[in-house]
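All residue numbers for the sequence shown refer to the working numbering, where the first residue is 1051 and numbers rise by one. Even for Gly, the Cβ is constructed at its ideal location relative to N, Cα and C. Notes follow once the structure below has been shown.
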Amino acid sequence: MSRRRRLCKNIVVFVLSLVLLTAGLTCVLAAADVQTPDVVAGEGTDADVFPFNLLTDFLETAGAEGASTTIELVLLLTVLTLVPSILLMMTSFTRIVIILSFTRNAMGTQQTPPNQVILGLALFLTYFTMFGTLSQIMNEAWKPYNEGEITINEAFERAVDPLRDFMFTEIRAQGNSSDLREFMIIAKMDMPESSTDEIPTHVLIPAFIISEIKTAFRIGFYIFIPFIVIDMVVASALMSMGMMMLPPVMISLPFKIMLFVLVNGWDLVVGSIVKSFSH
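Encoded structure:
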């Protein structure tokens, strides 16, 4: 009975949430006096950026007809919810945070450095490696749009182009063009021979993510090797002395930390991460 009650409760909550969301969207559209155009993907519309076109058309129409500050704030918050996904999918963050996590696991220090430090370092390294791309987006997309020289659709197109160039460059530099070809096959599209403009963004992003994960795992493998050697040496020494009941990890951990400090390990790891990006 308790399971049925929970199920009924969840269904009721879901239905109420759906009704409230529909009512909220209706009120927002009514307040901005915006009519959603009848658009069919494939008839004069780029199906790849179709959801973004709806959002940008709504923003332009709402701004032209004097939408209230509340509506603009709601739209801004909606766009901001996409920022974490963009940071994870279309930048160097994925590779960096995986390599840093591999380094911590290889040393066997459990939660040292803590997750907050790992994520913070990954964010700043992402900003460092993506500085050129972010500057290009700022100069070519945000500033002209902020000064009223271009529309939000044009600003979006100008912002996506540098990110596409970055992703294409990293996929080729790491020798993972097969990932892009695989996703083109899954999407039932022909791989262009020369120009990359025909490759849609919704195919490029998952191919880039898989390429970054493969690259991070490859670098993580090389990071693990010296620490595994230390564990093997310590385990062999303990067995030769008859101390089989003593966990080798307890003995090898200080040696791994000492070796990592002596060779200036963090500089080597961070330097290798930054140099692995060719853009």
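The alpha helix (DSSP H) enclosing residue i, as first and last residue numbers
| i | result |
| --- | --- |
| Met-1188 | It is not in any alpha helix (DSSP H) - Met-1188 carries neither H nor E in the DSSP assignment. |
| Leu-1173 | 1165-1179 |
| Ala-1237 | Run containing Ala-1237: none; DSSP gives neither H nor E here. |
| Glu-1262 | 1251-1290 |
| Ile-1202 | 1202-1223 |
| Gly-1198 | Here Gly-1198 belongs to no alpha helix (DSSP H), and DSSP marks it neither H nor E. |
| Gln-1140 | The amino acid at residue 1140 is misidentified as Gln; the sequence shows Met. From DSSP, Met-1140 is part of no alpha helix (DSSP H); its letter is neither H nor E. |
| Val-1311 | 1298-1312 |
| Ser-1322 | 1315-1325 |
Whole-number beta carbon distance between residue j and residue i, since they are thought to touch under 8 Å
| i | j | result |
| --- | --- | --- |
| Thr-1330 | Ser-1326 | Nothing can be reported for residue 1330, as the shown portion of the chain is limited to 1051 through 1329. |
| Ile-1278 | Ile-1148 | About 18 Å; that fails the 8 Å criterion. |
| Ile-1273 | Val-1319 | 7 Å |
| Ala-1266 | Arg-1145 | 5 Å |
| Thr-1179 | Ser-1227 | That belief does not hold up - the Cβ atoms of Thr-1179 and Ser-1227 are roughly 21 Å apart, past 8 Å. |
| Leu-1175 | Met-1217 | About 18 Å; that fails the 8 Å criterion. |
| Pro-1194 | Ile-1202 | Actually they are not in contact, since the Cβ atoms of Pro-1194 and Ile-1202 sit about 11 Å apart, beyond 8 Å. |
| Pro-1276 | Ala-1285 | Between Ala-1285 and Pro-1276 the Cβ distance is about 15 Å, and since that is not below 8 Å, they are no contact. |
| Thr-1246 | Val-1210 | The Cβ separation is near 13 Å, so there is no contact. |
| Ala-1172 | Leu-1150 | 6 Å |
Buried or exposed by the 16-neighbour rule on C-beta atoms within 10 Å, applied to residue i
| i | result |
| --- | --- |
| Ser-1135 | exposed |
| Leu-1213 | buried |
| Met-1242 | Here residue 1242 is Pro; the residue named in the question, Met, does not match the sequence. The residue in question, Pro-1242, is exposed, as its Cβ has fewer than 16 Cβ neighbours within 10 Å. |
| Asp-1229 | buried |
| Leu-1066 | Residue confidence is low: Leu-1066 scores 47 on pLDDT, short of 50, so the model does not pin down where it sits. Its coordinate-derived value is still stated next. Classification of Leu-1066: exposed, given that the 10 Å Cβ count is below 16. |
| Asp-1281 | buried |
| Thr-1128 | exposed |
| Val-1167 | exposed |
| Val-1313 | exposed |
| Ser-1322 | exposed |
| Asp-1317 | exposed |
| Ser-1386 | No answer is possible for residue 1386: the residues shown for the chain start at 1051 and end at 1329. |
| Leu-1132 | exposed |
| Met-1413 | With the chain running from 1051 to 1329 in the structure shown, residue 1413 is simply not present. |
| Ile-1221 | buried |
| Phe-991 | Nothing in the structure corresponds to residue 991, since the chain is present only between 1051 and 1329. |
| Met-1234 | buried |
| Ile-1236 | exposed |
| Phe-1152 | buried |
| Ala-1287 | exposed |
| Met-1289 | exposed |
| Met-1294 | exposed |
| Met-1140 | buried |
| Ala-1112 | Note that Ala-1112 scores a pLDDT of 48, beneath 50, so its modelled location is shaky; the value from the coordinates is reported in the next line. Classification of Ala-1112: buried, given that the 10 Å Cβ count is 16 or more. |
Indicate whether the contact test is met: 3 or more Cβ pairs, each with one atom in the region 1158-1165 and one in the region 1294-1308, closer than 8 Å.
yes
Would you be able to state if there are at least three C-beta pairs under 8 Å between the region 1183-1190 and the region 1307-1315?
With a cut-off of 8 Å, the region 1183-1190 and the region 1307-1315 do not count as touching, because too few Cβ pairs lie within range.
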